[in-house]
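Following: one structure in structure tokens, then a few remarks.
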Amino acid sequence: MTLPIGPPRVRTPRPSTEPILELRNIDFCYPAARRSTAEVLGGARLTKINMSIRRGEAHGLIGESGSGKSTIAKLLLGLTAPQAGQIFFDGELLTPARLAAFRLRVQPVFQNPIDALNPATPIGKQIIAPLLVNFKMKSSGCQARLAAAISAVGLSGEILGKLPHQISGGQAQRVNIARALILDPEVLICDEPVSALDMTVQAQILNLLSDLRESRGLSLLFISHDIRSVAYLCSEITVLKRGTIVESGSREQVLLDPKTDYMKSLLRAVPNSELGLEMESLTSKPCSQPIGRRHLPAQR
């Protein structure tokens with residue numbers, strides 16, 4: 500497999516109804532030795548999980564802590580395997596033989612941006628590390644792709660020689676996104692990517708993810724317990740409770756007309772003054788656009 504150097508590939512548009520990543524009838528249970536804490540929270544087991552992410556879509560996965568959201572992320576990243584069920588990528592069954600190539604096309608963005616970086620390695624080397632590891636490239640051959648990646652996330656070249664403790668949390672998350680983008684993936688699995696950031700920087704990162712989805716044709720799985728962030732970014736939403744999907748549908752269906760008491764209780768937990776503004780926007784904004792896009796201060 501070869502990797503083009505320079506700007507991302509121009510992908511042929513496909514129907515928005517076509518799934519790029521699917522979970523079909525997935526069952527998963529942690530081994531007994533790892534189960535105690537997860538069982539208390541209810542996330543030790545996933546049962547009959549059926550979920551699909553369409554091409555170019557931002558799909559939200561919400562649920563309380565311990566509901567199994569991060570376990571689904573691990574399955575979709577190929578970091579663990581289900582006990583039952585199948586995972587499909589680009590219409591093909593994901594098998595052990597396809598796993599290496601799959602991991603290049605589906606990349607993670609983790610929750611705590613500073614902890615996701617090596618404290619002793621300069622930022623530039625961390626961003627190009629996936630190229631060095633996966634394609635045995637020399638650092639000198641990565642510069643065009645490095646420049647494209649940091650430009651895409653709104654960073655300047657002066658950050659490349661810094662260490663993680665010398666940059667802000669918002670900059671660190673942009674670095675993590677750039678590191679994911681450098682392999683030119685088709686899907687980003689974002690596991691609570693803004694929860695460790697302050698409110699202003701959260702909005703900046705959400706806008707960045709939306710812009711990347713539009714400009715690169717990326718598909719996003721956005722995992723969060725924050726309904727406001729999911730409503731802002733995602734057009735489809737899946738609701739998880741104790742390892743089981745209890746509700747799934749368009750943003751309007753799930754947020755404006757919830758069918759389950761659990762989803763209604765999650766909505767009640769959001770202050771009316773904040774949720775009400777989002778609900779008004781839902782009826783007038785197209786799903787392909789984030790809600791309430793704001794003019795924000797310079798990235799931090």
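In this text, residue positions in the sequence shown follow the working numbering: the first is 500, and each later residue adds one. The beta-carbon is built from N, C-alpha and C at its ideal position, and this holds for glycine as well.
Residues of the same chain with a CB within less than 8 Å of the CB of residue 748, apart from the 5 flanking positions on each side, are 735, 736 in chain order. Residue 699 counts as exposed, since fewer than 16 other C-beta atoms from the protein chains shown sit within 10 angstroms of its C-beta. The C-beta of residue 635 has fewer than 16 other C-beta atoms within 10 Å across all chains shown, which makes the residue exposed.
For residue 580, the number of other beta carbons within 10 angstroms of its own is below 16, and it is reported as exposed. Between the region 671-686 and the region 640-651, the count of C-beta pairs closer than 8 Å reaches three or more; the two stretches touch. Taking the CA atoms as reference points, residue 683 sits about 29 Å from residue 738.
For residue 547, the enclosing beta strand (DSSP E) stretches over residues 544-553. DSSP places residue 723 inside the beta strand (DSSP E), whose first and last residues are 718-723. For residue 737, the enclosing beta strand (DSSP E) has its first and last residue at 735-740. According to the DSSP secondary-structure assignment, residue 558 is paired through a beta bridge with 720, 735.
Annotation for residue 660: 621 place their beta carbon closer than 6 Å to its own, counting only its chain and skipping 5 residues before and after. For the 7 Å CB-CB criterion, residue 687 and residue 606 form a contact. In this structure residue 566 is not in contact with residue 521, their Cβ atoms being roughly 20 Å apart against a cut-off of 8 Å.
Given a length threshold of 4 residues, each whole run of the alpha helix (DSSP H) inside the region 627-707 is given here in chain order: 642-651, 668-680. CA-CA distance, residue 656 to residue 707, rounds to 18 Å.
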